[in-house]
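Q:
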Amino acid sequence: MKIAIIGAGFGGMAAAYDLRKAGHEVTVFEADATPGGLAAGFKEPGWDWSVEKFYHHWFTSDQHMFRLFRELGVQDKVLVLSPKTVMFYREKFYPFDSIPSAILYPGLGYGINKVRFGLVGLYLKMTTNWQPMEKTTVAEWMRKYAGAKVYREMWEPMVIGKFSEKYAGQVNMAWMWARLHARTTKLATYQGGFQAFVDEFAAKVSALGVNFTYNTRVNLIEKQTDGSLALRHESGSETFDRVLVTISPAQLARMAPQLPPEYLKGLLDLKSMGAVVMVIALKQQLSREGYYWYNLPKTAGFPFLALVEHTNFLPPERFGGDHLVYCGDYLEPSHEYFQLSKEELLERFLPSFKRINPNFSPDWVKKSWMTRTSYAQPVPLVNHSKNIPEIETPVQGLYFASMSQVYPWDRGTNFAVEIARRASRMILSEPDA
Ligand SMILES: Cc1cc2nc3c(=O)[nH]c(=O)nc-3n(C[C@H](O)[C@H](O)[C@H](O)COP(=O)(O)OP(=O)(O)OC[C@H]3O[C@@H](n4cnc5c(N)ncnc54)[C@H](O)[C@@H]3O)c2cc1C
């Protein structure tokens, strides 16, 4: 079969790998000049490693990624590290990445709330029965089982941070279960950075005979009378037997207007958040304690949700001695941060660095980069499983595997690979494949 894949992110590349290995003729269309999608990185001339445009790491539980590493024979290039994560409480930062540190965290006091927090955490880590949890919100479930204080102090800031005030009260508990159930405190990265893996993966997939067509934005998919699917892109039009789309639901709805109204409505009803992230290269280390990840509740008044000092995860020597700090937030695309220039955003962000390190001075800044995307984080509302669009769309031969269909797990490269490989198996299991 002649198969087109739209998008050269982790999902698109994983599908291309499987479909080509099964003997099909595969072309990947990518709007950008390089592969990697949301997990792509960039590298300055003096750096040995690339850095991700949006902060990225793997959890050691990311089994689909680790399986792929083994299949590609690159598992030796995966580094597992234990960087320090901290929580904010009353102008101080407290480690929060082990049971002893959670016990010492003062935000919940030392009485019944801490016990409830611990027991609920343990239950969520152990149970696999998530389905009933999607019928209720994080707010309802946590207030009931962990208590109002634990919800207010621990979980509400997280859901507001990730989904904004608008959706925080509507996010379902299965999403929270999946996060707590699957995540590990040990984090992994790739020797050379995520982009080094992406480049190696793309090279291996190309070597198998997959054709990558970069700088090519697909605009339209149309079913032809002979049953084939015509793709229209900036440089022309081509027909394929099967098409797998790995982009956002809203984009698919625009791209494939022949999809039946009910499927289109399902795509357009899905909610998601955008993201705005700055990478700032400093002359000096920002976190004097060597903390990697700062969780910052919106109520603390920081102009971003997370501050991540990448060079407390990996040594600055990999980046020519630069100390790299991410400032990031999940926001609706209508948020003013999507309109501000990089300089304006930097002006908003920098004053808060003094709350991390009182000695910070703006002249530590060497360079900065800003990346924004309107599609960064799907919002799983109550009973989300009933709203997930089918991978096999009603247009015969057209398949869809996106972050919005990853569930109950929180989206990530691991699940992009899983869902794309699942879509490939569906294509391959068709009677005429
Ligand atoms: C701030 C942030 C932090 C994250 N942190 C992590 C993390 O720590 N660990 C982790 O594993 N994951 C993380 N993720 C999630 C991870 O990046 C995604 O889940 C994953 O990259 C999605 O892969 P994908 O292939 O499904 O989609 P994408 O990466 O979005 O790939 C889709 C591709 O399609 C291309 N495209 C779009 N439209 C068209 C078109 N019309 N024609 C042709 N091509 C098109 C895009 O350019 C893109 O390359 C993070 C994401 C964000 C935003």
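Per our numbering: the sequence shown = residues 656 to 1088.
Where a beta carbon is used, it is the ideal one built from N, C-alpha and C, also for glycine.
Please read all numbers here as calculations on a predicted model, not as lab measurements.
Does DSSP put Ala663 in a helix, a strand or coil?
A: Reduced to three states, the DSSP call for Ala663 is coil.
Q: Starting from the N-terminal side, write out each stretch of the alpha helix (DSSP H) that is 4 residues or longer and does not extend beyond the region 969-1015.
A: The region 969-1015 contains these whole alpha helix (DSSP H) runs: 997-1004, 1008-1011.
Q: The beta strand (DSSP E) that contains Arg736, what's its start and end?
A: The question names Arg, but residue 736 is Leu in the sequence shown. Unbroken beta strand (DSSP E) run through Leu736: 733-736.
Q: Which runs of the alpha helix (DSSP H) fall wholly inside the region 794-827 and span at least 4 residues, in chain order?
A: Listed in chain order, the complete alpha helix (DSSP H) runs (minimum 4 residues) inside the region 794-827 are 811-823.
Q: Let me make sure I understand the geometry here. Which of Arg897, Asn1042, Ala1056, Glu1002 has the alpha-carbon closest to that of Arg1076?
A: Selected option, being the one with the closest Cα: Ala1056.
Q: Are the beta-carbon atoms belonging to Phe959 and Gly975 less than 8 Å from one another?
A: Cβ atoms of Phe959 and Gly975: not closer than 8 Å.
Q: Just confirm the distance between the C-beta atoms of Arg1112 and Ser753, as a whole number of angstroms; I'd bet it's less than 8 Å.
A: Here the chain comprises residues numbered 656 to 1088, so residue 1112 is not present and cannot be evaluated.
Q: Given 8 Å as the limit, is there contact between the region 732-741 and the region 938-953, that is, 3 or more CB pairs closer than that?
A: Because the criterion of three Cβ pairs below 8 Å is met, the region 732-741 and the region 938-953 touch.
Q: For ligand 1, any of its heavy atoms closer than 7 Å to the Cβ of Val1094?
A: No information on residue 1094 is available, as it lies outside the stretch 656 to 1088 that the chain covers here.
Q: With a Cβ-Cβ cutoff of 8 Å, do Glu889 and Thr871 count as a contact?
A: A contact, by the Cβ cut-off of 8 Å.
Q: Use the C-beta contact count for Arg1066: other C-beta atoms within 10 angstroms, 16 or more gives buried, fewer gives exposed.
A: Classification of Arg1066: buried, given that the 10 Å Cβ count is 16 or more.
Q: In the structure shown, what three-state DSSP assignment does Met1025 receive?
A: Three-state result, Met1025: strand.
Q: Helix, strand or coil: how does DSSP classify Ser1079 here?
A: Reduced to three states, the DSSP call for Ser1079 is helix.
Q: Restricting to Cα atoms, I'd like to know which of Met788, Tyr1030, Pro904, Phe1008 is closest to Gln825.
A: The option with the nearest alpha carbon to Gln825 is Met788.
Q: Less than 7 Å separating the Cβ of Gly816 from some heavy atom of ligand 3?
A: With respect to ligand 3, the structure offers nothing, as its ligand set consists of ligand 1.
Q: If we ignore side chains and look at the alpha-carbon of each, how far apart do Ile661 and Val898 end up?
A: Distance between the alpha carbons of Ile661 and Val898: 8 Å.
Q: Touch check for the region 689-698 and the region 848-857: three-plus C-beta pairs under 8 Å?
A: With a cut-off of 8 Å, the region 848-857 and the region 689-698 count as touching, because enough Cβ pairs lie within range.
Q: If you measure between the beta carbons of Thr1026 and Val963, is that distance less than 8 Å?
A: No.
Q: Where does the unbroken alpha helix (DSSP H) through Val860 begin, and where does it stop?
A: Looking at the DSSP string, the run of the alpha helix (DSSP H) that includes Val860 is 849-862.
Q: Do Ala911 and Leu1053 count as a contact pair if the criterion is CB distance below 8 Å?
A: For Leu1053 and Ala911, yes; Cβs fall inside 8 Å.
Q: Is the region 1012-1021 touching the region 1043-1050, taking contact as three or more C-beta pairs under 8 Å?
A: Too few Cβ pairs lie closer than 8 Å, so no.
Q: Using the Cα positions of Ile1074 and Arg722, report the straight-line distance between them to the nearest angstrom.
A: In a straight line, the C-alpha of Ile1074 is about 14 Å away from that of Arg722.
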